[in-house]
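Laid out in structure tokens, this is it:
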């Protein structure tokens with residue numbers, strides 16, 4: 001089974017379970033979903049009505065945890081740790097993996113110093129082990145560790161859940177790309193960009 005299909009099956013599984021639970025009964029499900037080693041998308045679970053109904057209730061912390069894993073980072077957790085439950089080691093690992101994905105969204109060359117600071121890693125060996133064993137082997141990123149330049153060159157990174165309001169920006173970016181491709185195609189660059197359309 002490929003990674004995308006496994007991801008879809010897990011999302012479906014947890015969303016279906018969440019749809020029949022309410023209030024504090026969602027706590028163990030949220031912990032299980034955010035600890036699962038193969039689940040990296042949480043928006044569909046966040047969209048389940050019974051999960052959304054947690055807003056403003058004593059159990060809203062479960063909604064906050066799901067939002068953290070859908071859109072946040074390890075730094076976000078540290079800043080808000082007093083308002084969130086303590087994470088188990090599997091959740092810490094997951095949140096650090098998601099942090100790498102967040103950083104890879106905007107930069108394809110990630111300096112080791114930045115990664116070590118964002119992930120609370122104290123040395124290069126620990127960082128490289130994490131990137132290889134917990135990110136590359138998990139299939140969420142591919143890239144090259146450049147020890148000479150002290151950076152991770154990202155070749156592929158799995159996408160994160162879209163943040164609220166981010167869809168419009170993504171549509172605009174894709175539209176700009178399409179328009180630019182059409183302009184190039186109109187100027188005779190058929191051979192180079194024709195495969196895009």
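Numbering (UniProt numbering), first residue to last: 1 to 197.
A virtual CB, placed ideally from N, CA and C, is assigned to each residue, including glycine.
Exercise for review: Would you kindly report the start and end of the unbroken alpha helix (DSSP H) that includes residue 64?
Suggested key: 60–71
Worksheet item: Where residue 109 and residue 101 are concerned, what is the direct C-alpha to C-alpha distance, given to the nearest angstrom?
Response: 12 Å
(Q) Could you give the first and the last residue of the continuous alpha helix (DSSP H) run that contains residue 55? (A) That residue, residue 55, is in no alpha helix (DSSP H); it is neither H nor E in DSSP.
| said: Between the alpha carbons of residue 152 and residue 20, how many angstroms are there, rounded? | reply: 42 Å
Rounded C-alpha distance that separates residue 119 from residue 48 = 30 Å
Local conformation of residue 33 per DSSP, three classes:
helix
### Message
Can you look up residue 144 in the DSSP assignment and give me helix, strand or coil?
### Response
strand
Please classify residue 94 as buried or exposed, where buried requires at least 16 neighbouring CB atoms within 10 angstroms. buried
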